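See below for the structure under consideration.
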Amino acid sequence: MSDDVLRDVIVIGGGPAGSTVARYAAEGGADVLVIDGRDPIGSPLQCGELVPTNDEMRRLCPNVPDMDDLFQTPEDAISRRSSKMHIVPPSGKPLRFNFEGFVLNRVRHDEALVDLAKESGADYLLGEQVKSVEGDTVFLKDGSSFRARIIVGAGGHNDPILRDYWEESFTKIPVKFVLMEGDFGEAVELHFGSMAPGGYAWMFPKGSGANIGLGIQRRMAKGRSLNEFSEEFISKYSGEITFQGAGSLPMSGSIQKFVKGNYLLVGDAAGMVLPSNGAGITIAMVGGRIAGQVIAEHLKDGVSLSEYEVRWENQMGKVMRNSKRSFRFGSIIFRLPDLLLNLLFNRLTRRIIWRAVTCRRMFWIF
Ligand SMILES: Cc1cc2nc3c(=O)[nH]c(=O)nc-3n(C[C@H](O)[C@H](O)[C@H](O)COP(=O)(O)OP(=O)(O)OC[C@H]3O[C@@H](n4cnc5c(N)ncnc54)[C@H](O)[C@@H]3O)c2cc1C
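Following our numbering, the numbering of the sequence shown begins with 9 at its first residue and continues without gaps.
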């Protein structure tokens with residue numbers, strides 16, 4: 009099904025990043041085609057499904073404008089609202105914080121982003137895997153090809169443009185999770201310590217049941233496998249497992265350059281995950297909006313594509329730097345024995361721990 013028309017934009021991948029690029033580029037008048045290997049997009053589930061509410065996002069990322077236009081999460085994509093987060097050390101005695109979050113129905117959430125992009129005028133080609141990109145041409149695995157002035161890599165950390173034109177290597181955190189039936193209270197939980205070396209474990213209660221999982225840094229796992237860690241953690245909860253999934257998260261923070269010629273990277277492909285808490289959905293959408301708007305302005309008024317990097321730095325630079333710093337600090341602290349960690353999670357340190365998780369300067373001076 010090749011097509012020799014020269015489109016304005018092709019986006020590889022229609023997840024949160026790609027569909028948001030498509031939405032804003034099309035809204036600005038661009039002719040956009042999104043190509044995704046999955047059909048339907050967003051399925052099968054690969055996620056813990058927690059995002060901050062719009063108000064919480066305003067507190068976490070104060071330089072990002074107009075959150076309510078960007079995040080229009082429909083009611084049927086919200087499984088549960090939570091206002092409490094527990095940070096749990098190995099002792100199991102939590103530090104309790106106020107945190108406004110949505111535990112999503114992630115598959116529905118991503119479908120809604122596709123709907124928004126389509127309403128703005130973007131076209132989708134689903135169930136087609138992109139093999140490679142050369143010049144202005146995108147080659148699919150089935151042998152067909154499509155052309156565009158601007159090509160966006162939003163295919164996650166295995167994106168073909170990232171693979172062939174960038175020389176980045178990410179610290180990747182492999183992750184396993186389950187959906188479990190049962191009643192798990194109201195608070196979302198993040199667990200730190202030897203149960204998830206270099207990463208964290210989570211329990212996010214849903215409207216019914218919970219999403220429970222864990223990610224580790226392999227180099228800190230002392231030869232034990234992700235399966236061993238995840239089985240051990242998940243077995244602490246009882247209930248029928250209705251779904252099992254896995255994936256991996258890029259945890260090095262955003263890369264230096266998002267633009268090369270007419271190629272752009274966004275979302276996981278550009279490392280847009282906050283390493284101190286694993287948040288990637290909303291951050292991919294922040295990057296996606298900037299990229300989409302800059303692309304539209306480039307096509308209409310000749311604005312340089314590198315403006316995407318400038319606006320990202322203005323909106324997210326400080327938050328991302330703080331998050332990277334906290335992650336590096338955590339990678340040292342979490343090598344300590346659990347007994348010491350239990351002592352370190354206390355009333356005096358709780359503000360520092362909360363600042364680290366929420367991407368603020370931990371010690372006010374660094
Ligand atoms: C197990 C797990 C749990 C997570 N939990 C959370 C969480 O609780 N909260 C949170 O905020 N973030 C979480 N994340 C991170 C979050 O899911 C990602 O950061 C986010 O999905 C990034 O969006 P994206 O659009 O960049 O990539 P993706 O959502 O991965 O979308 C990429 C799309 O590109 C398509 N694609 C890839 N390669 C090709 C190709 N060659 N051709 C065509 N299509 C292609 C894929 O099919 C996919 O649809 C989690 C990640 C994992 C793996």
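Beta carbons are placed, not taken as given, at the ideal position from N, Cα and C, and that holds for glycine.
For clarity, every value in this text was computed on a predicted model and none was experimentally measured.
- Taking a C-beta distance under 9 Å as the contact criterion, Met324 and Cys69 qualify as a contact pair.
- Annotation for Glu83: no residue places its beta carbon closer than 6 Å to its own, counting only its chain and skipping 5 residues before and after.
- Under the DSSP definition of a beta bridge, Asp11 partners with Phe154.
- Cβ contact annotation for Ala38 (same chain, cutoff 7 Å, sequence separation greater than five): Asp16, Val17, Ile303, Ala304 and Leu307, in chain order.
- When secondary structure is reduced to three states using DSSP, Ser260 falls in the coil class, being assigned neither helix nor strand.
- In the DSSP assignment, the residues bridged to Ile159 are Ile18 and Tyr271.
- In terms of Cα proximity to Leu14, the closest of Arg155, Val40, Thr145 and Glu57 is Arg155.
- For Trp210, the enclosing beta strand (DSSP E) begins and ends at Tyr208 to Pro213.
- Distances from the CB of Glu35 to the heavy atoms of ligand 1 are all 8 Å or more.
- The Cβ atoms of Ala130 and Val274 do not sit closer than 9 Å to each other.
- Taking 8 Å as the cut-off, the C-beta of Glu136 counts as close to a heavy atom of ligand 1.
- Looking from the CA of Asn350, the closest CA among Ser260, Leu103 and Val294 belongs to Leu103.
- Per DSSP, the unbroken alpha helix (DSSP H) holding Pro24 starts and ends at Pro24 to Glu35.
- Glu248 has its CB no nearer than 8 Å to any heavy atom of ligand 1.
- Membership of Thr290 in the alpha helix (DSSP H) is indicated by the continuous run Ile289 to Asp309.
- Judged by pairs of C-beta atoms under 8 Å, the segment 80 to 98 does not touch the segment 45 to 55, as fewer than three such pairs exist.
- At the C-beta level, Phe241 and Ala218 stay beyond 9 Å of one another.
- Following the DSSP letters along the chain, one finds Asn62 inside the alpha helix (DSSP H) bounded by residues Asn62 to Leu68.
- With 16 or more neighbouring CB atoms inside 10 Å of its own CB, Lys214 falls in the buried class.
- In the DSSP assignment, the residues bridged to Lys180 are Pro258.
- Taking the Cα of Glu248 as reference, the smallest distance to any Cα among Gly221, Gly135, Gly190 and Phe237 is reached at Gly190.
- One thing to note: Gly288 has its Cβ within 9 Å of the Cβ of Pro24.
- About 4 Å separates the beta carbons of Ala364 and Ser334, which is inside the 8 Å limit, making them a contact pair.
- In the three-state reduction of the DSSP assignment, Ala38 falls in the coil class, being assigned neither a helical nor a strand state.
- Relative to Asp118, the option among Lys139, Pro48, Gly143 and Val186 whose CA is nearest is Pro48.
- Annotated three-state conformation of Glu194 is coil, per DSSP.
- Using a C-beta cut-off of 8 Å, the segment 62 to 76 makes no contact with the segment 166 to 183, since fewer than three inter-stretch Cβ pairs fall below that distance.
- At the C-beta level, Ile43 and Glu136 come within 9 Å of one another.
- For Val115, the three-state secondary structure derived from DSSP is helix.
- Contact check for Val160 against Leu272 passes: the beta carbons are separated by less than 9 Å.
- In the three-state reduction of the DSSP assignment, Ser140 falls in the strand class, which pools E and B.
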